[in-house]
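S.K.:
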Amino acid sequence: MSDARFVNLKAVGSSVIPDEAVPLVEGDGRFLNDIKLPGMYQVAFLRSQHAHARLNSIDTGKARQLRGVIKVLTGKELFGKVDPFRSMPNRFSGGESIQHWLAVDKVRFCGEAICAVVAEDRATAEDACNLIEVEYDPLPAVTDPRLGEQDDAPLIHDACKNNYLIKREYQRGDVDAAFRNAHVVVKRKFRIGRKQALCLESRGCVAGYRESTFTLTVWISHQLPYVVRHYLAEHLRMPETDVRVIVPHTGGGFGQKASIYPEEFVCAWLALQLRRPVKWVEDRLENMVASTHARDQYIELQIAADKNGRILAISSDIWVDVGAYSIYLWSAGMEPLQTAGLMPGPYKIEAMRYRTRGVATNKTPVGPYRAVGRPSASASLELLIDELGRRLNLDPVEIRQRNLIPLEAMPYRNANNLVHDNVNYLPCLKLAAAKAGYERLRKEQHEGSPNGKFRGIGIACYAELTGLGTSTAVGPGTLLQPGRDAVTLRLETTGVLTIAAALPSQGQRIMTAMRQVASDELGIRLEDITSISNDTATAPYGFGTFASRTAVFGSGATIKAARELRQRILVIGAFLLQVPIEELTITNSVVHTVDRSKSIALKDLTEKSYFSAKSIPQEINPGFEVTAFYDPKFGSFAGGAHIAVVDVDPKTGQVEVVRYVAAEDVGTLINPAVVEGQIIGGIAQGIGEALLEELVYDDAGQPRTMTLADYLVPSALEIPRIELHHANVPSAALGGFKGCGEGSIIGALGSVACAVADALSRHGGDIHEFPATPERVLKGLGVLASTQ
Amino acid sequence: MAREQRICVTVNGKVYERTVPVRLSLADFLREHLHLTGTHLGCEHGVCGACTISLNGRSARSCLTLAVQADGANVITIEGLRADDGTRHPLQQIFLENFALQCGYCTPGMLITAIELLADNPNPTEREVREALSGNICRCSGYQAIIDAVLIAARQAGGAHANAQVR
Amino acid sequence: MLAGGQSLMPMLNLRILSPAVVVDINRIEPLNELRADKDCLTVGALVRHADLLRSADVCRDWPLLAEATRQVAHMAIRNRGTVCGSVSHNDPAAEHPSVLVTMGGTVVVAGRQGRRELAAEEFFTGTLSNALEPGEMVVQLRYPRPSARTRSAFVEFARRLGDFAMAGAAATLTMRDGTCEHARLTILGMGQGPFRAHAAEQRLTGRRLGPKECKDGFAEAVAKVTADVDPADDVHASSSYRRHLAGVLALRALETALGRTGGKVG
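Protein chains in written order, with this note's numbering: chain A, -14 to 773; chain B, 2 to 168; chain C, 9 to 274.
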């Protein structure tokens, strides 16, 4: 096998313009709602008006009679025919939650689906929903997890005592001793409000009966096609091979499109019953209540430190409002277990203790959203570290430098049992501070602003475990272990290379990255490489796109398969060119001797191997299709340090982010421009979390934030120009890659929260509740009374 | 009272005569009746901007316009931005080269709005670009690449955008 | 009634309203009148927010109106939404009702009985309410031409540019040799429609507002504003925060107006 590396331009590391983007920029995307099939019906769901109620009766008579209505489906009709979603096993489950696809005798959150109306068009289906008469018997609602866990609280699920869907206590190291012997203890309560991913395209599906050779084909706006296929087959009690799942262009996912929801499953069932294609598109109003929510934690945190500001131990008490059901596939453990378990972040912490609970409430279920529990955990810890610094008169950068896990200490096992290695926490902090001109920033802050605003500077350092292999479960306590994905490489009859992987993009350009990797590994020109990523019928098994894994998995599996494929190509090349294999290499899709005296285009070599196979010995022509599974075993830590500068208007409470510097370690870069887009996108969402976004419910469990005029996401004016720098070190995974999709949102919530707290603290104020709305800021400054 | 009306609309230079329900939005008309699915629906209450098209030369939310209101009007959508020979609009090309789109869902509205901005203000500052695009939500990109693309387009055109309406 | 549709269409789409009939007035050409005369600006029912901003006359001679209109939502909304529509709808967060009140404008109403005219303050009767009888519509607004000695400012506060304002203030100060001949101040966002701050105005009318004296005058006026407004609580802001904002923005509007030379937006 030739040692000579290829001599074409290295694709990995260059910002290759993605072919994937071409149809999107031209308006030729095929998103879910663009799909139309002959004879297709449309579905609308009647949703609960009450947060918690018994369903006494449902009268669908008038609805069924409306012209254009095909069918009205209730939970009673489905009962017994399909398996409801039982909460996924988790070692720390409080009890089983059972979610019927359509509510049967009880509704547990505003927006829960009660009926599905099938009609010739969506407007008619919605008209029919208005004609359905439901008799509710309202029950008292649980809306606060700290009240919901009390013995006298109304029970949402009979099997879940104290409404615990998840509960865990954990301790490592002698925490009590650390607190006893500490020079200083700081302690605070934090509140992180409820959020949602707010993908610009909401959910949807088209379920088709015998649209192709498959009995059931489901187009679905989703991140995990094989997972959807698996559970469809199970719940509909049909062979998995009769089911095909296709993911069209997807307008954002961020984890919200990684759960299993009832609506799409109802549509699949209807398609099989009616033997017609059935489409459901989630409109924005529905999306606000029907798709998973995120965050919503109450965090009580304590740090014990020595006189040098070194953290000796941390202890946290956490309540997460996980909504009405344990979300299917992940369980309700996501936020509670990750918020608590990943609290140490990039800091050297020898002892920790936590008590965390996911308490059911009568709200939309909580599911995974970009970085899950890490932003809230990080923000709380960063805020408290700043307070520790103030107590000890240590600058925020200085105190973090004393606590970050240094390279010399790696591999380092933290108190939460995670091993940190190959990651540049300290270099990132130093780089961020240097690029921000940190000293000058503090000096300017000290001098005060001519515009009367209060300047704040916040720093957050994060650790983000990406590309989790089989040694790490997808979440603590879950029995679901993805961690192995496959890639198939195939040289087609015309010599072009196809990469197939079930790793759909929602804009991350996964397949472009994999084409770049394949191009370098095989010496094939980028333009000779195409990809398939979204169809269970044509791509091999992959768990899918979430948890910042695709760069690691997709690239790793591509490299493994490419090595085998390269060998096969060179063996045939050696035969056809009659030269020793050691003299051969591949450059720009040509197989040639290193001295270029002999060559054959890959196109010709491939065609010969397919159509003139007689002339090639069988034993060296096994075909050009190679599938490789990759399991990196462990995760790869990415890290970063973010510095946010804010101006707070002390009259209105408005916060403006005026400068933002980020230094990141995201491993070996495949496509720098794509990575930059991911990082900045994550920062924007983090700024939204810190300042703007919040889902509000009243005491009766009624949602108060129902439209995009209520739930505010950042516009182009709320995000400053991000100054992005890199201090990358390769991971131990194949290729040295790391994930970059989620780390930056952690840094953003932390740095902006700290910046606001910094501004306020210099004027005798404080803030512990986020988002830092203008009103909370003024209360923190004492300008408004804090009573409510 | 009429539940349907006959309308005649010019879309991307082509004249269409159709009978439509009076309650049909222009967005749904373009997407469902004319199969121009490049215009996207993100909220249907006028906030997200994904549905923005050009109506008689000015940007408008197609989700807040009834199809019957477009009778006799001239509509341009993202599909109409390319030249007759298929060449992309310069702004589309710059978006592509500058990674100014990720999932692509906000892109139609961004393009239409940016083209209007450059026609009104051929040499905008970064602040002016951000302000003009502040009514178009993007959840993926954090806006930076989009802003840069518009600024590059302005520089490259050197004022050629002035008064250049979207046909 | 469908003119711009930027308020009505969201309500139809969200199924908040399901009218049996919608009357589209967009083809009634005579309603599309924007005319600046010696004494007043006439704004017909089909004039869009964007039309005001594209009028050199409006920008130069009715600066308060122009400044407020610039803060209405975003361009795509301004291209379609109408000024008369905004006035008729009377959303508590809307800019136009407060500007009309501050400028002492007139609402021209047409119905089966013919036309009638109402002073702005008579027209706005409460949250999302107006003095229209069934079968009537607003056909025109008239804004008096401000004197060259009138300084004005419009400020509002929203979470993001273009969002529904949490509060806002429109102020005009007609000055003569350092004395305020006439002050007008209206607060928006307080819940019941434009709030004309009469008591605050009285503190300023006839008062010297030199660089030092204005501080006390404004402080008194603002104290009246915060004492008199009665804002509602909602998911965006509590009533105490709105009350506080009313004071902050009233002061900003007054200070900004005073700092401008007569008739122009600085």
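Yeah, the Cβ is synthetic: ideal placement off N, Cα and C, and Gly gets one too.
Only a predicted model underlies this, so the values are computations on that prediction, with no experimental measurement involved.
Measure from the C-beta of B:N164 to each C-beta in chain C and report whether the shortest distance is under 8 Å.
M.R.: In the second sequence, the residue the question calls residue 164 of chain B occupies position 163. Because B:N164 sits at a pLDDT of 45, beneath the cut-off of 50, its placement in the model cannot be relied upon, and the following sentence gives the value as read from the coordinates. Chain C contact via Cβ: absent.
S.K.: Given a cut-off of 8 Å on the beta-carbon distance, is the pair A:N75 and A:S244 in contact?
M.R.: Walking along the first sequence from the start, residue 75 of chain A turns up at place 90. Walking along the first sequence from the start, residue 244 of chain A turns up at place 259. The answer is no: Cβ separation not under 8 Å.
S.K.: Just to confirm the assignment: which complete beta strand (DSSP E) runs, minimum length 3, are found wholly within the stretch 254 to 323 of chain A?
M.R.: Qualifying beta strand (DSSP E) stretches, in chain order: 263 to 266, 279 to 290 and 296 to 308.
S.K.: Taking the beta strand (DSSP E) that A:D143 belongs to, which residues open and close that run?
M.R.: As a working note, residue 143 of chain A is residue 158 in the first sequence. Here A:D143 belongs to no beta strand (DSSP E), and DSSP marks it neither H nor E.
S.K.: Can you list, in chain order, the residues of its chain whose CB lies under 8 Å from that of A:R548, leaving out five sequence neighbours each side?
M.R.: Here residue 548 of chain A is taken as the residue at index 563 of the first sequence, counted from 1. Correct list, in chain order: E506.
S.K.: I want to verify the contact list: residues of chain C whose CB lies under 9 Å from the CB of B:R4, in sequence order.
M.R.: In the second sequence, residue 4 of chain B corresponds to position 3, counting from 1. Result: empty, since nearest Cβ-Cβ is about 11 Å, beyond 9 Å.
S.K.: At the 8 Å Cβ level, is A:V611 part of the contact set with chain C, yes or no?
M.R.: Here residue 611 of chain A is taken as the residue at index 626 of the first sequence, counted from 1. Judged by the 8 Å Cβ criterion, A:V611 is not in contact with chain C.
S.K.: Leaving out five residues before and five after A:T612 in sequence, what residues of the same chain have Cβ atoms less than 6 Å from its Cβ?
M.R.: The sequence position of residue 612 of chain A within the first sequence is 627, counting from 1. Around A:T612: A471, T473 and P525.
S.K.: For A:I730, which of helix, strand or coil comes out of DSSP?
M.R.: Taking the first residue of the first sequence as 1, we reach residue 730 of chain A at position 745. Reduced to three states, the DSSP call for A:I730 is helix.
S.K.: When DSSP labels each residue in this structure, what does B:R168 get in the three-state scheme?
M.R.: In the second sequence, the residue the question calls residue 168 of chain B occupies position 167. Because the pLDDT of B:R168 is 38, which lies under 50, any placement of that residue in the model is unreliable, and the number read from its coordinates should be weighed accordingly. Three-state DSSP puts B:R168 in coil, outside helix and strand.
S.K.: May I have a chain-ordered list of the alpha helix (DSSP H) segments no shorter than 4 residues that lie completely inside the stretch 66 to 140 of chain C?
M.R.: Counting whole runs of 4 or more residues, the stretch 66 to 140 of chain C contains the alpha helix (DSSP H) stretches 71 to 77, 83 to 88, 91 to 97, 103 to 110 and 128 to 131.
S.K.: Would a check of beta-carbon distances place C:A11 closer than 8 Å to chain B?
M.R.: As a first step, residue 11 of chain C is located in the third sequence; it is residue number 3 there, counting from the start. Not closer than 8 Å to any Cβ of chain B, the Cβ of C:A11 fails to qualify, so no.
S.K.: From the DSSP secondary-structure annotation, give me the bridge partner or partners of C:P142.
M.R.: Within the third sequence, numbered from 1, the residue matching residue 142 of chain C stands at position 134. DSSP, once it has assigned bridges, lists no residue as partnering C:P142.
S.K.: Excluding five sequence neighbours on each side, which residues of the same chain lie with their C-beta closer than 8 Å to the C-beta of A:L590?
M.R.: The residue labelled residue 590 of chain A in the question sits at position 605 within the first sequence. Excluding positions up to five away in sequence, the list reads G480, I554, I557, G558, L561 and V576.
S.K.: Between B:G73 and chain A, is any beta-carbon pair separated by less than 8 Å?
M.R.: To locate residue 73 of chain B, count along the second sequence from 1; it is residue 72. It does not: the Cβ of B:G73 has no partner Cβ on chain A nearer than 8 Å.
S.K.: Should A:A243 be counted as a contact of the ligand COA given a C-beta to heavy atom distance under 7 Å?
M.R.: Absence of the ligand COA from the depicted structure is noted, as is the absence of any ligand whatsoever, leaving it without description.
S.K.: Closer than 8 Å, Cβ to Cβ, to anything on chain C: give me those residues from the stretch 42 to 54 of chain B, in chain order.
M.R.: So the list reads E45, H46, G47, G50 and T53, given in the order they occur along the chain.
S.K.: Name the two residues that bound the continuous beta strand (DSSP E) containing C:G176.
M.R.: By 1-based counting over the third sequence, the position of residue 176 of chain C is 168. Where C:G176 is concerned, the enclosing beta strand (DSSP E) stretches over A175 to R184.
S.K.: When you compare only the Cα positions, how much space is there between C:L22 and A:D106?
M.R.: Locating residue 22 of chain C in the third sequence gives position 14, where the first residue counts as 1. Locating residue 106 of chain A in the first sequence gives position 121, where the first residue counts as 1. Looking at the two C-alpha atoms, the distance is approximately 17 Å.
S.K.: Return helix, strand or coil for A:T59, following the three-state DSSP convention.
M.R.: The residue you call residue 59 of chain A lines up with position 74 of the first sequence. In the structure shown, A:T59 sits in a strand (DSSP, three-state: E or B).
S.K.: Output yes or no for whether 8 Å exceeds the beta carbon distance between C:L196 and C:S106.
M.R.: Walking along the third sequence from the start, residue 196 of chain C turns up at place 188. Walking along the third sequence from the start, residue 106 of chain C turns up at place 98. A contact, by the Cβ cut-off of 8 Å.
S.K.: Starting from C:M17, follow its DSSP beta bridges and name the residues at the other end.
M.R.: Here the question's residue 17 of chain C lines up with position 9 in the third sequence. C:M17 pairs with nothing; no bridge assigned.
S.K.: How about B:L134: is its C-beta nearer than 8 Å to some C-beta of chain A?
M.R.: As a first step, residue 134 of chain B must be located in the second sequence, where it is residue number 133. Yes, contact with chain A.
S.K.: Tell me the rounded alpha-carbon separation between A:M796 and A:R280.
M.R.: Given that chain A is displayed from residue -14 to residue 773, the structure contains no residue 796 of chain A and the question cannot be resolved.
S.K.: Going along chain E in order, which residues have a C-beta closer than 8 Å to the C-beta of C:H252?
M.R.: Of the protein chains in the structure, A, B and C, none is chain E.
S.K.: Anyone know if the C-beta pair for A:S434 and A:D632 falls short of 8 Å?
M.R.: Position 449 of the first sequence, counted from the start, is the residue given in the question as residue 434 of chain A. Position 647 of the first sequence, counted from the start, is the residue given in the question as residue 632 of chain A. In this structure, A:D632 lies closer than 8 Å to A:S434 by Cβ.
S.K.: Just to confirm, are A:Q670 and A:C725 a CB contact at a threshold of 8 Å?
M.R.: The count along the first sequence starts at 1 and reaches residue 670 of chain A at position 685. The count along the first sequence starts at 1 and reaches residue 725 of chain A at position 740. Their beta carbons are not under 8 Å apart, which means A:Q670 does not touch A:C725 by this criterion.
S.K.: Would you decide whether C:T135 is buried or exposed? Buried here means 16 or more other CB atoms lie within 10 Å of its CB.
M.R.: By 1-based counting over the third sequence, the position of residue 135 of chain C is 127. That one is exposed.
S.K.: Run through chain A and tell me which residues come within less than 7 Å of C:V243, C-beta to C-beta.
M.R.: Here the question's residue 243 of chain C lines up with position 235 in the third sequence. Within 7 Å Cβ-Cβ: V681, R689, T690 and D695.
S.K.: Is the beta carbon of A:V(-3) sitting closer than 8 Å to the one on A:T497?
M.R.: Reading the first sequence from its first residue, position 12 is the one you call residue -3 of chain A. Reading the first sequence from its first residue, position 512 is the one you call residue 497 of chain A. No, they are not a contact pair.
S.K.: CB A:G454 to CB A:K618, shorter than 8 Å?
M.R.: Counting from 1 along the first sequence, the entry for residue 454 of chain A is found at position 469. Counting from 1 along the first sequence, the entry for residue 618 of chain A is found at position 633. Yes; because the gap between Cβ atoms is below 8 Å, this pair is in contact.
S.K.: Report, in whole angstroms, the separation of the C-beta atoms of A:N783 and A:Q501, which I expect to be a contact under 8 Å.
M.R.: Residue 783 of chain A is absent from the structure shown; chain A starts at -14 and stops at 773.
S.K.: Classify A:Q430 as helix, strand or coil using the three-state DSSP reduction.
M.R.: Numbered from its first residue, the first sequence carries residue 430 of chain A at position 445. Three-state result, A:Q430: helix.
S.K.: Looking only at its own chain, which residues have a Cβ that is under 7 Å from the Cβ of A:G720, when we skip the five neighbours before and after it?
M.R.: Within the first sequence, the letter at position 735 stands for residue 720 of chain A. Result list for A:G720: V502, S540, G541, I544 and T653, in chain order.
S.K.: Please list the segments of the beta strand (DSSP E) lying wholly inside the stretch 634 to 672 of chain A, counting only runs of 3 or more residues, in order along the chain.
M.R.: As far as the stretch 634 to 672 of chain A is concerned, its whole beta strand (DSSP E) runs of at least 3 residues are 640 to 650.
S.K.: Taking just the CA atoms, how far does A:P565 sit from A:M(-14)?
M.R.: Within the first sequence, residue -14 of chain A is the residue found at index 1, counting from 1. Within the first sequence, residue 565 of chain A is the residue found at index 580, counting from 1. Note that A:M(-14) scores a pLDDT of 32, beneath 50, so its modelled location is shaky; the value from the coordinates is reported in the next line. Their backbone Cα atoms lie some 9 Å apart in a straight line.
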